[in-house]
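In what follows, a structure is listed as structure tokens, so that the remarks can point back to it.
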Amino acid sequence: MKGKQMNLKVLLIDPVYNPGSIPKNIPLSSIATGLLNCNIGFKVIDFIRPDCEQQDLQYFIEAENCFIKSIEEIAEEFDYVYITTGTGCELKPYPLFPRVQKIAKAIKQRRSIPIIVGGALINLYSKVYGLSEIDIKGNYVDYIIVGNEYQNVMKFFMKDRNFPASVIPSWEIWENKYYPDYQSVQYRVGCPFSCDFCFEGKIYDRANNTTSLSDFVAAIPNGGRIIIEDSVIISNDDFEEMMDRLCAKKVQFAAYARISEIVSNPKKIEKMHLSGCKALIIGIETLDYNILHQHNKGIVSKQTLDALSILKDNSIAVQGCFMLGFPGDTLNNMEKTIQFAIDEKLNGYRWHIYQPNFFNLPSQLYLPKEKNGIAHLFDIQLNVPDCCLGEIIKTMPVFAKMDEHFMIRAKKYIGADVFSEIGYKESFRYSEIKELIDRMFLPQWILNEEKLYKELFV
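For reference, each letter of the sequence shown is one residue, going 111 to 568 in the numbering used here.
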């Protein structure tokens, strides 16, 4: 869908590979509304290809090239190109920068159009990895946007002119037939807590509204099914008002919650259930107190058990997030974590491998420094179907450390031997974790994380 045809036109690109399970892009839907309200023309294009699932890497590469070719041709009609590097529903950004570079290069080789890139991955590179603007832009990107994506993109185009501080995302700009029948929504980004393995509190401000509460609720269809992507909602000052408004719209929703919030606010959990909450996604990680304390999780195992009991009493389904491979952890403790997950029989499971800061890897791992160059971060494409991960990781196993899901999602495609040279000094090797996964994981645990959303409403 195009906005009003004015002198200025912007092509908005969502480059994330989407097999049809990731909901409509939140930041681009908001930016589209902002541009429309300011009489700036726009068009959106996305990389949604369900046909790539279970195909080989060559098939996927051809699909990616087709996507980039279409952008190259369409971009000639526009004055600016904006490429996001997030969807609005990721706690950790998708590793897709090589595709962004390929898109920018293809556009520039055809016509010199200003290219702007922003979103979650740019925040990660700038705020966490400490890369300079020159390093990120490379040869083909003209500008980068760091921080609040909607606000800063609108400032870029509007300069000193006013624009709406809050908007209702334009979901209708996407072709519904390709997207799931539930929608991710977002009120705030950022997290006031400081678990060292989560990037949410690092790539955004601690609590940054993306919209007003009125616009947040207005974007939700009556009777709809939604996932609230905020890391924290129970502690919000306007929690009660949010729940009342959701209840009035008769929605079914899933959300994220911290275990410490659940055990401290059982009445709020009851309120959530009465307001339409069907499931909560909670971070259990491990039951080992020393590991939890070391990584600033701020809970103890008894709180986890109490939280699970509270949710069960309120008929709220639970998706538990677990993590293996913490520095200082042991294989015996990891096995206990997996066995606990089996015994609890939760409604869903999200398994992760601990992901350290990229630049700390040489000092922590069995890894030569020369293999840790930043060029590799930008050159190896990691945002691919699960079935293609084996072919990619075999070329450079260290990239298993750059995404917390690879060893799990590629379970069927990669053997333990691929990870034999990676591990924490004086601790464990990744091949040993992979052997645990192969031996103990239940088949239903090996899912694309986004597909787990479907389980929230069962």
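Quick reminder that beta carbons are idealized off the backbone N, C-alpha and C, glycines included.
Note that the structure is a prediction, hence the values are computed from the model and not measured.
Where does the unbroken beta strand (DSSP E) through Val-295 begin, and where does it stop?
From DSSP, the beta strand (DSSP E) with Val-295 extends over 293-295.
I think Leu-499 touches Tyr-523, with their Cβ atoms under 8 Å apart; what is that distance to the nearest whole Å?
Sure, about 6 Å apart at Cβ, within 8 Å.
Lys-119 versus Gly-144, Ile-136, Asn-128 and Tyr-127, residue with shortest Cα-Cα distance
Gly-144
Quick test of the definition: if touching needs 3 or more C-beta pairs under 8 Å, does the region 284-302 touch the region 319-331?
yes
If we call anything under 7 Å between Cβ atoms a contact, is Gly-438 one with Leu-456?
No; because the gap between Cβ atoms is not below 7 Å, this pair is not in contact.
Measuring alpha carbon to alpha carbon, tell me which of Ile-369, Trp-555 and Ala-520 ends up nearest Gly-458.
Closest by alpha carbon: Trp-555.
For Gly-533 and Tyr-540, I'd like the C-alpha separation in whole angstroms.
Cα to Cα, the separation comes out at about 5 Å.
From Phe-516 to Asp-156, what distance separates their C-alpha atoms?
24 Å
Work out the CA separation of Glu-172 and Lys-179 for me, nearest whole Å.
10 Å
Which residue wins for smallest C-alpha separation from Lys-407, given the options Asp-306, Lys-212 and Gly-300?
Asp-306
Quickly, what does DSSP pair Asp-416 with across the bridge? List them, please.
None, per the DSSP bridge assignment.
Going by C-alpha to C-alpha distance, which of Ile-181, Val-210 and Asn-375 sits closest to Asn-493?
Val-210
Identify whether Trp-284 lies in helix, strand or coil by the three-state DSSP scheme.
coil
Thr-447 beta carbon less than 7 Å from that of Thr-396
yes
Does the region 183-193 come into contact with the region 223-237, if we say contact requires no fewer than three beta-carbon pairs (one atom in each stretch) closer than 8 Å?
yes
Anyone know if the C-beta pair for Gly-300 and Asn-318 falls short of 7 Å?
yes
Label Arg-549 either buried or exposed according to how many other C-beta atoms from any shown protein chain fall within 10 Å of its C-beta, with 16 as the threshold for buried.
exposed
Let me know if Asp-166 comes out buried or exposed under the rule of 16 or more other beta-carbons within 10 Å of its beta-carbon.
The residue is exposed, with fewer than 16 neighbouring Cβ atoms inside 10 Å.
Which ranges does the beta strand (DSSP E) cover as unbroken runs of at least 3 residues, wholly within the region 317-374, from first to last along the chain?
Listed in chain order, the complete beta strand (DSSP E) runs (minimum 3 residues) inside the region 317-374 are 335-338 and 362-367.
Looking only at its chain, what residues have a beta carbon closer than 7 Å to the beta carbon of Pro-125, apart from the 5 residues adjacent to it on each side?
Phe-157, Ile-193, Leu-206, Arg-209, Val-210 and Ile-213
Leaving out the 5 sequence neighbours to the left and right, which residues in its chain are closer than 7 Å to Val-251 when beta-carbon positions are compared?
Taken in chain order, the residues that qualify are Ala-214, Ile-225 and Val-227.
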